[in-house]
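A.B. asks:
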Amino acid sequence: MRACAYSSPSRVAPPPEADALDDEDEEEIPVPVPPAGRRHNVPLPEPQKVPPQWLARLEHLQKGLQDVKYQIEGAPEDERRGIPFTETVMADELPLNCRTPAIAEYDGAADPMEHLSRFENAALLHRYTDGIKCRVFVTTFAGAAQQWFNQLTVGAIGSFQEFCSLFLHQFASSRKVRKTELSLFAVHQKEDGPLKEYLQRFNTAALRYPLPRKK
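For the sequence shown, the numbering used here gives the first residue as 26, with consecutive numbering after it.
1. Suppose contacts are defined by Cβ-Cβ distances below 8 angstroms. Is G107 in contact with V179 by that definition?
2. Could you tell me whether the region 120-135 touches the region 183-190, where touching means 3 or more Cβ pairs closer than 8 angstroms?
3. Output yes or no for whether 8 angstroms exceeds the beta carbon distance between R124 and H151.
4. Which residues bound the alpha helix (DSSP H) around T113?
5. Taking Cβ positions, are A116 and G168 nearer each other than 8 angstroms?
6. Can you grab the Cα-Cα spacing for the pair A197 / P137, in whole Å?
7. The alpha helix (DSSP H) that contains N175, what's its start and end?
8. Tell me whether Y153 sits in a helix, a strand or coil according to DSSP, three-state version.
9. Do K158 and A170 come within 8 angstroms of each other at the CB atom, strictly closer than that value?
10. Among P109, A135, Y153 and E145, which one has its Cα closest to the Cα of L121?
11. Are T165 and F188 close, meaning C-beta to C-beta below 8 angstroms?
12. Alpha carbon to alpha carbon, how far is Q225 from K215? Give it in angstroms, no decimals.
13. Could you compute how far the alpha carbon of T111 sits from the alpha carbon of F174?
14. Identify the residues that DSSP records as bridge partners of Y131: which are they?
15. Between G89 and the rest of its own chain, which residues show a CB-CB distance below 7 angstroms, the 5 nearest in sequence each way excluded?
16. Taking just the CA atoms, how far does N146 sit from S190?
17. What's the C-alpha gap between N228 and P219?
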């Protein structure tokens, strides 16, 4: 029998078109990018308009919190050179529930005794210690009162009593003139005026007249 010669099949080279197709498949497909002028055409939501009175109130609260933090917690040693409080006043620890009194600021124009009385009522409510009274009381100052406090010498205030004495002495000219018993005789009932209106004016004048002290 005639033997057949066996030869291994030779590898057939791929056509050149196949390599071209593979190269085309590997090419990165470009992503369309919108023009620069059209990228931010999406309308943004307008910010909510805050009423002016809210902004003013917020600024007032921020100022109050900053003053309270500085006066109550104290500043570093190198920043407390101009504070007129002694170390005893600064040593009182601030309680966790400490709140500033909700009273009007004092700028030196109103009666200092009335402002001090309102503060003492609030201090009694919040149970301030002597040192906390000093450091919270100054946060109620504004204008001329704040300028006066800034000019005090270091260590001039060692207690709340000393603070009150300096405060009342400085703004003594703003105190209201106390009524005397002669002022009551100046209150007359108007002609054809109602008796109720006259009694109201008389009682108001009587409240301004200091009660005599018992000996």
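Beta carbons: idealized from backbone N, C-alpha and C, even for Gly.
C.D. replies: Taking the structure as given:
1. Here the question's residue 107 lines up with position 82 in the sequence shown. Here the question's residue 179 lines up with position 154 in the sequence shown. Yes, they are a contact pair.
2. A contact between stretches requires three or more CB pairs, one per stretch, nearer than 8 angstroms, and the region 120-135 fails this requirement with the region 183-190.
3. Residue mapping note: residue 124 aligns to position 99 of the sequence shown, counting from 1. Residue mapping note: residue 151 aligns to position 126 of the sequence shown, counting from 1. Contact flag set, yes.
4. Looking up residue 113 in the sequence shown gives position 88. Counting along the chain, T113 sits inside the alpha helix (DSSP H) bounded by residues E112 to A116.
5. For the purposes of this step, residue 116 is taken as residue 91 along the sequence shown, with counting starting at 1. For the purposes of this step, residue 168 is taken as residue 143 along the sequence shown, with counting starting at 1. Contact: no.
6. Taking the first residue of the sequence shown as 1, we reach residue 197 at position 172. Taking the first residue of the sequence shown as 1, we reach residue 137 at position 112. The straight-line gap from Cα to Cα measures roughly 7 angstroms.
7. As a working note, residue 175 is residue 150 in the sequence shown. Boundaries of the alpha helix (DSSP H) around N175: A169 to N175.
8. To locate residue 153, count along the sequence shown from 1; it is residue 128. Assignment of Y153 by DSSP, reduced to helix, strand and coil, places it in the coil class.
9. Locating residue 170 in the sequence shown gives position 145, counting from the first residue. Locating residue 158 in the sequence shown gives position 133, counting from the first residue. At the C-beta level, A170 and K158 stay beyond 8 angstroms of one another.
10. Numbered from 1 along the sequence shown, position 96 holds the residue referred to as residue 121. Sorting P109, A135, Y153 and E145 by C-alpha distance to the C-alpha of L121 places Y153 at the top.
11. Residue mapping note: residue 165 aligns to position 140 of the sequence shown, counting from 1. Residue mapping note: residue 188 aligns to position 163 of the sequence shown, counting from 1. Contact flag unset, no.
12. Translated into the one-based positions of the sequence shown, residue 215 becomes position 190. Translated into the one-based positions of the sequence shown, residue 225 becomes position 200. Whole-angstrom Cα-Cα distance: 12 angstroms.
13. Taking the sequence shown and counting its residues from 1, the one referred to as residue 111 is at position 86. Taking the sequence shown and counting its residues from 1, the one referred to as residue 174 is at position 149. Those two C-alpha atoms are separated by around 14 angstroms.
14. Here the question's residue 131 lines up with position 106 in the sequence shown. For Y131, which the question treats as bridged, DSSP gives the partners F166.
15. Your numbering for residue 89 matches position 64 in the sequence shown. Excluding positions up to five away in sequence, the list reads T125 and T164.
16. On the sequence shown, position 165 is the one that residue 190 refers to. On the sequence shown, position 121 is the one that residue 146 refers to. Rounded to whole angstroms, the gap between the alpha carbons of S190 and N146 is 18 angstroms.
17. Residue numbering aside, residue 228 sits at position 203 when the sequence shown is read from its first letter. Residue numbering aside, residue 219 sits at position 194 when the sequence shown is read from its first letter. Using only the alpha carbons, I get a separation of about 15 angstroms.
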